[in-house]
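Q:
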Amino acid sequence: MENKNESITRQEDDFAQWYTDVCKKAELMDYSSVKGFIIYRPYGYAIWEEIQNYLNKQFKKEGVENVYMPLVIPSSLFDKEKEHVEGFAPECLVATKGGKYTLEDELIIRPTSETLFCEHFSKIIKSYRDLPKQYNQWCSVVRWEKTTRPFLRGSEFLWQEGHTMYETEEEARKDALKMLEIYDTLGRDLLAIPFVKGQKTDKEKFSGAQETYSIEALMPDGKALQSGTTHYFGNGFAKAFGIQFLGRNNKLENPHQTSWGVSTRLIGSIIMAHGDDNGLVLPPKIAPIQVVIIPIQQKRSEVLVKAKQYFDLLNKAGIRVKLDDSDHTPGWKYSEYEMKGVPVRLEVGPRDIENGVCVLAKRNDGQKLVTKEADVVDEVNRLLDVIHHELYEKSAKYLYEHITEVHTLDELKLALDKGGYAKMMWCGDQACEDKIKELYQATARCIPFDQLPFDDKCPVCGKKASKVVFFARAY
RNA sequence: CGAGGCAUAGCGCAGCUUGGUAGCGCACUUCGUUCGGGACGAAGGGGUCGAGAGUUCGAAUCUCUCUGCCUCGACCA
Numbered sequence: 257m258e259n260k261n262e263s264i265t266r267q268e269d270d271f272a273q274w275y276t277d278v279c280k281k282a283e284l285m286d287y288s289s290v291k292g293f294i295i296y297r298p299y300g301y302a303i304w305e306e307i308q309n310y311l312n313k314q315f316k317k318e319g320v321e322n323v324y325m326p327l328v329i330p331s332s333l334f335d336k337e338k339e340h341v342e343g344f345a346p347e348c349l350v351a352t353k354g355g356k357y358t359l360e361d362e363l364i365i366r367p368t369s370e371t372l373f374c375e376h377f378s379k380i381i382k383s384y385r386d387l388p389k390q391y392n393q394w395c396s397v398v399r400w401e402k403t404t405r406p407f408l409r410g411s412e413f414l415w416q417e418g419h420t421m422y423e424t425e426e427e428a429r430k431d432a433l434k435m436l437e438i439y440d441t442l443g444r445d446l447l448a449i450p451f452v453k454g455q456k457t458d459k460e461k462f463s464g465a466q467e468t469y470s471i472e473a474l475m476p477d478g479k480a481l482q483s484g485t486t487h488y489f490g491n492g493f494a495k496a497f498g499i500q501f502l503g504r505n506n507k508l509e510n511p512h513q514t515s516w517g518v519s520t521r522l523i524g525s526i527i528m529a530h531g532d533d534n535g536l537v538l539p540p541k542i543a544p545i546q547v548v549i550i551p552i553q554q555k556r557s558e559v560l561v562k563a564k565q566y567f568d569l570l571n572k573a574g575i576r577v578k579l580d581d582s583d584h585t586p587g588w589k590y591s592e593y594e595m596k597g598v599p600v601r602l603e604v605g606p607r608d609i610e611n612g613v614c615v616l617a618k619r620n621d622g623q624k625l626v627t628k629e630a631d632v633v634d635e636v637n638r639l640l641d642v643i644h645h646e647l648y649e650k651s652a653k654y655l656y657e658h659i660t661e662v663h664t665l666d667e668l669k670l671a672l673d674k675g676g677y678a679k680m681m682w683c684g685d686q687a688c689e690d691k692i693k694e695l696y697q698a699t700a701r702c703i704p705f706d707q708l709p710f711d712d713k714c715p716v717c718g719k720k721a722s723k724v725v726f727f728a729r730a731y
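For the numbering used here, count along the first sequence from 1 and bump the result up by 256.
1) Taking all protein chains shown into account, decide if LYS720 is buried (16 or more other Cβ within 10 angstroms of its Cβ) or exposed.
2) Can you give me the Cβ contacts of GLY676 inside the same chain, cut-off strictly under 7 Å, excluding the 5 residues immediately before and after it?
3) Three or more beta-carbon pairs under 8 Å between the region 299-310 and the region 521-541, yes or no?
4) Are LYS589 and ILE545 closer than 9 Å when you measure CB to CB?
5) For ARG444, which of helix, strand or coil comes out of DSSP?
6) What does a CB cutoff of less than 6 Å around GLY443 pick up in its chain, not counting 5 residues either side in sequence?
7) The alpha helix (DSSP H) that contains VAL749, what's its start and end?
8) What do you reckon, are the CB atoms on GLU603 and ARG619 nearer than 9 Å?
9) Would you mind working out which of ILE549, ALA351 and LEU446 sits nearest ALA563, comparing C-alpha positions?
10) Using DSSP with H/G/I as helix, E/B as strand and the rest coil, what is LYS555?
11) Tell me, which residues are paired with ASP532 by DSSP?
12) Distance check for LYS669 and CYS688, CA to CA, integer angstroms please.
13) Quick one: give me the first and last residue of the beta strand (DSSP E) that MET325 is part of.
14) Going by DSSP, which residues form a beta bridge with TYR391?
15) Between PRO704, SER411 and PHE489, which lies nearest to SER288 when the distance is taken from Cα to Cα?
16) Could you compute how far the alpha carbon of LYS402 sits from the alpha carbon of PHE293?
17) Could you tell me which residues DSSP puts in a beta bridge with ALA480?
18) Note the first and the last residue of the continuous beta strand (DSSP E) segment covering VAL350.
19) If you follow the beta strand (DSSP E) that VAL626 is in, where does it begin and where does it stop?
20) Among ALA543, GLN565, ASN534 and ASN611, which one has its Cα closest to the Cα of GLU268?
21) For VAL725, which residues of its own chain have a beta-carbon under 6 Å away from its beta-carbon, when the five flanking residues on both sides are left out?
22) For the beta strand (DSSP E) holding GLU603, just list the boundary residues, first then last.
23) Would you mind giving the Cβ-Cβ distance between CYS614 and VAL632, rounded to the nearest angstrom? I have them listed as a contact below 8 Å.
24) Where do the N-terminal and C-terminal ends of the beta strand (DSSP E) with GLU401 fall, by residue?
25) Are ALA428 and TYR488 close, meaning C-beta to C-beta below 9 Å?
26) Check whether the region 385-399 touches the region 271-289, counting contact only when three or more Cβ pairs, one atom from each stretch, lie closer than 8 Å.
27) Considering only the beta carbon of each residue, do LEU363 and ILE329 sit closer than 9 Å?
28) For VAL716, count neighbouring Cβ atoms within 10 angstroms of its own Cβ and tell me buried if that reaches 16, exposed if not.
29) Considering GLN455, what are the terminal residues of the beta strand (DSSP E) in which it resides?
30) With DSSP as the reference, identify every bridge partner of GLN513, one or two as the case may be.
31) Does the count of Cβ pairs from the region 522-532 and the region 271-285 closer than 8 Å reach three?
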């Protein structure tokens, strides 16, 4: 298989270039005239919509309600929580003029909306009867990033941010873990991406949070990609924003808070986790087109008629199907939809019609099979399922092969150079994290939930260590 | 913010060294032949050469300034 015209860079030649080629040539996005602000094209946005649909269902099962907060935050409000401000101030985009008038209280384009939610919560929460509040919003946020890459890091990105308030610490802690579980399931069931789950170290946690949890995906170039986070805030923000409720004991209390989010970075994970030298490979559940029908010799009327019958059959079965009867040659169409990662291709030509069959081809491994017309819906559904599992298994295998136990600094370096996670015992001292960063440009990705100590001292300082931590180079 | 690179048609580029009024491939439009792995022929349409200033009879080309973007490094979903 060779791309004659619009060839994309091969992964092994230049992985970063391959990535941008795929983003553009699969028509997921385009660059705009402002650095870091990308255009989500219909095909890319449709993937996001599938993610939204799935998550909205899961959220609503948990009692979460969708809301919408303003785009701008007065800096006087933003400044109320000290740690939070320090974390975000360097990357805020700030509006200083309204029309021709200079604004006294400058308006920050939201980099995240904790402060807006808190201000609102302070007005609507009076009693324990007003709790819990489980709010979510779909929106975009702006962070003035110095280096940007489509989907992975942008000055603006789309996300959902959930913000909750609970009566008790226990409920809030449970919420942060429950939402992490939902994200992990999203990876497994929808995106076919296995994540490593765990807690962030103090150094890596979110500004203002007491505890941060994350899901981390491992990319084929050996770098980790933080794909979603959940936070337990305690009642720090609540105190700073004066959120109080009268408890069951008739005493004023501060509620306990969480927030959680995933972003369009997930699209970047999908591209890298599954893509190959022919372009995108989309997991079936989020593929905007699950099956593309390519008629062969479509000028013969019986071919197009039959192709339309296949279209109706699949469409009625709830499968996202496209019939491409454009004027291009079949070969061109094969390449086009491979580039776009469509999981299953259905070919139908005169020979097939004579035999009452069609040809199904899988995007992920190129395998072709002939199917009777009567069986096509069942067979397509089966293939979509098979493809999902094959993608997941392949990623999972890669992940497990790239988690390396290390006992010394030399082993740590080897593991990082190989790519993937170095599984290390850590003393808990931030100085050791800093040292690893300085020496090998790797960060603590997380303290995994599965804690099975395999040594008793920290490879950096030699002191007693009881925590298992994953280090990796990251996006 | 440091380091590099690029800016000429929608995209990818040539032209610049040695100044003379813009070209190639792809894409696009029309017609015809094609169609089981990126088809072919014919005829077309499309560009104040990133912006500004300067040198010159004349600037895509030489000089200066500015701007934007991409890639790589320090921070973030």
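Glycine residues also receive a C-beta, built at the ideal position from the N, C-alpha and C atoms. Every value quoted in this text rests on a predicted model; they were computed, and no experiment measured them.
A: According to the structure shown:
1) exposed
2) LEU474, GLY478, HIS658, ILE659, THR660 and ALA728
3) yes
4) no
5) helix
6) ILE449 and PHE451
7) One cannot answer for residue 749 here, as it falls past the ends of the chain, which runs 257 to 731.
8) no
9) ILE549
10) coil
11) GLY535
12) 14 Å
13) That residue, MET325, is in no beta strand (DSSP E); it is neither H nor E in DSSP.
14) GLU321 and HIS419
15) SER411
16) 12 Å
17) LEU474 and ALA730
18) 349-354
19) 624-628
20) ASN534
21) MET680, TRP682, ALA700 and ILE703
22) 600-604
23) 6 Å
24) From DSSP, GLU401 is part of no beta strand (DSSP E); its letter is neither H nor E.
25) yes
26) no
27) yes
28) buried
29) 452-455
30) MET421 and GLY490
31) yes
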